[in-house]
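Encoded as structure tokens, the structure appears first; notes follow it.
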Amino acid sequence: MSNKDTYSLYSNEKNNGYAVNQIRGGQDQLKRKIATTTESTAKKPRTDKLYEIVPGVTFPTAETMGIDTPIDPDFSRLPKGFKLGKLAREKFAGIVKADLYDQYEIQFYCSLFEHFSYNPIYLFDQDIWIPAHVHAYTEVMKFRTPPYVLLQQALSANHFHI
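All residue numbers for the sequence shown refer to this note's numbering, where the first residue is 9 and numbers rise by one.
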């Protein structure tokens with residue numbers, strides 16, 4: 009008998025003995041656990057009629073976008089292979105209005121512009137809506153500003169003196 013045969017014979021005897029011991033342990037049949045169908049106690053989502061309080065915007069308006077006159081895209085002005093996607097005419101008008109040429113700034117502006125066109129920002133304390141173009145442009149300016157300048161501005165705004 010080879011080592012392989014001895015090992016398989018030994019392991020089979022051991023496994024069979026284990027199974028027999030389990031059966032002799034008090035049960036004549038092995039029982040499987042079956043998932044019971046009980047009602048889950050998960051919380052149901054709130055069914056406030058939020059859509060009545062804040063109606064959903066189906067298509068952005070000129071007020072929420074901050075762009076009065078859309079412009080047909082001139083793809084020679086955009087980075088090579090760049091796609092504007094939804095709201096292309098409004099995005100291109102914003103790019104021209106903001107005088108953006110850098111690929112990353114344009115990508116950043118377009119993603120922010122599209123998001124905040126559909127989901128505008130409301131300042132409760134001032135009772136005004138921030139247009140998407142204004143918010144996207146200010147974020148691009150923050151993106152363009154070096155970190156040490158932002159730190160100096162933050163320190164001077166909080167009047168920290170070291």
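The beta-carbon is built from N, C-alpha and C at its ideal position, and this holds for glycine as well.
Can you give the Cα-Cα distance for residue i and residue j, rounded to whole angstroms?
i: Y156; j: K99; result: 30 Å
i: Q134; j: L92; result: 33 Å
i: Y130; j: I136; result: 6 Å
i: N166; j: L158; result: 12 Å
i: A140; j: K105; result: 13 Å
i: S164; j: P154; result: 16 Å
i: K94; j: F151; result: 23 Å
i: E113; j: A70; result: 22 Å
i: Q161; j: T146; result: 15 Å
i: K88; j: D82; result: 12 Å
i: A101; j: Q115; result: 14 Å
i: E122; j: F132; result: 22 Å
i: L120; j: A144; result: 5 Å
i: P68; j: S84; result: 27 Å
i: V148; j: I79; result: 21 Å
i: Y109; j: N127; result: 26 Å
i: F90; j: I103; result: 13 Å
i: T72; j: Q111; result: 25 Å
i: T77; j: R97; result: 9 Å
i: L86; j: I138; result: 26 Å
Per DSSP, residue i is paired with what?
i: L131; result: I136
On the three-state DSSP scale, how would you describe residue i?
i: P155; result: helix
i: F67; result: coil
i: T146; result: helix
i: N29; result: Only weak support exists for where N29 lies, its pLDDT of 47 falling under 50; the coordinates are left without a value.
i: T77; result: coil
Item to check | Every unbroken alpha helix (DSSP H) within the stretch 83–116, with a cutoff of 4 residues, ordered by chain | outcome: 96–106
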